[in-house]
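Numbering (the UniProt record's numbering), first residue to last: 1 to 259.
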């Protein structure tokens, strides 16, 4: 099984991406991330410190590991805010692999403003960023993001933090068919079976944060997510049998004793 996730010039050994929010401490963030096997962790640069050496720093916590940071523009509501955020982040850290998200509804659904996301994507692509773009599960918008320079598209499974799982499985398939860049199902994953299902639909990866960070046992859930993503990918590559409305005997009928 090809387990390498290729996003632009980057190659990852795990198809699971995790988040850094909602944990009780940086130490728990690290422990759960390592248990998940993930090599990429999102960081909201407006909320978590990854640049100031005089304060508790998440980069110091992960020093000596193989985990890369994926800065995201959480909290940005315009293209210009996101562009400025990433310019400053790259200047401070040298990181050019980013998760672009521009939120349209900040009060209830946290749904993305895809038009503003596309505007930001066009600019950031020209400036040499490797872009993973958070978007709705609309295949038309996913294609436009790819055309704007996105190196991966990240359709939501359900609203951020809802834990509802994949609400529109056909849309995940339609997005996958619409683009040639990796599709990473993002937001709304609630448990390991949700992650496996997303992978069985053909997604190249899954991003989850709340499902791990707020589980009763984050370490156990991180391990479950690791195996779910691997199992879901293997199941997708193996190819499921067609669904039928009637039974099909699994044993041969030749040689049955006749009465």
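Just so you know, even glycine gets a beta-carbon here, dropped at the ideal spot from N, CA and C. These numbers come from a predicted model, not from an experiment.
Put residue i into one of helix, strand or coil per three-state DSSP.
| i | result |
| --- | --- |
| residue 18 | strand |
| residue 126 | helix |
| residue 262 | Lying before the first or after the last residue shown, residue 262 is absent from the chain, which here runs from 1 to 259. |
| residue 185 | strand |
| residue 119 | helix |
| residue 43 | strand |
| residue 55 | coil |
| residue 139 | helix |
| residue 10 | strand |
| residue 26 | helix |
| residue 214 | coil |
| residue 63 | coil |
| residue 250 | coil |
| residue 230 | helix |
| residue 240 | coil |
| residue 77 | coil |
| residue 83 | helix |
| residue 192 | helix |
| residue 36 | helix |
| residue 160 | coil |
List the whole-angstrom C-beta distance separating residue i from residue j, where the pair is believed to meet the contact cut-off of C-beta under 8 Å.
| i | j | result |
| --- | --- | --- |
| residue 70 | residue 103 | Their Cβ separation, rounded to whole angstroms, is 17 Å, which puts residue 70 and residue 103 out of contact at 8 Å. |
| residue 185 | residue 215 | At roughly 18 Å, the Cβ-Cβ gap does not stay under 8 Å, so residue 185 and residue 215 are not in contact. |
| residue 114 | residue 146 | Between residue 146 and residue 114 the Cβ distance is about 12 Å, and since that is not below 8 Å, they are no contact. |
| residue 112 | residue 135 | 6 Å |
| residue 172 | residue 201 | 5 Å |
| residue 100 | residue 131 | 5 Å |
| residue 190 | residue 159 | Not a contact, Cβ separation roughly 11 Å. |
| residue 42 | residue 72 | 5 Å |
| residue 58 | residue 86 | Contact flag wrong, Cβ pair sits at about 17 Å. |
| residue 39 | residue 12 | 5 Å |
Identify the residues that DSSP records as bridge partners of residue i: which are they?
| i | result |
| --- | --- |
| residue 131 | 98 |
| residue 197 | Looking at the DSSP assignment, residue 197 forms no beta bridge with any residue, so it has no partner. |
| residue 207 | 17 and 186 |
| residue 153 | 133 and 183 |
| residue 3 | None, per the DSSP bridge assignment. |
| residue 112 | 103 |
| residue 69 | 41 |
Alpha carbon to alpha carbon, what distance is there between residue j and residue i?
| i | j | result |
| --- | --- | --- |
| residue 176 | residue 153 | 9 Å |
| residue 229 | residue 122 | 31 Å |
| residue 220 | residue 35 | 8 Å |
| residue 124 | residue 250 | 55 Å |
| residue 127 | residue 174 | 30 Å |
| residue 148 | residue 192 | 32 Å |
| residue 223 | residue 37 | 8 Å |
| residue 67 | residue 31 | 12 Å |
| residue 83 | residue 142 | 19 Å |
| residue 23 | residue 3 | 28 Å |
| residue 240 | residue 165 | 21 Å |
| residue 183 | residue 198 | 10 Å |
| residue 5 | residue 94 | 22 Å |
| residue 14 | residue 91 | 27 Å |
| residue 129 | residue 89 | 11 Å |
| residue 119 | residue 80 | 9 Å |
| residue 167 | residue 96 | 32 Å |
| residue 78 | residue 133 | 14 Å |
| residue 155 | residue 218 | 24 Å |
| residue 232 | residue 10 | 22 Å |
| residue 204 | residue 225 | 14 Å |
| residue 209 | residue 44 | 12 Å |
*May I ask you to verify whether the region 59-68 touches the region 242-251, counting CB pairs closer than 8 Å and requiring at least 3?*
no
*With contact counted as at least three CB pairs below 8 Å, one residue from each stretch, are the region 105-114 and the region 14-32 in contact?*
no
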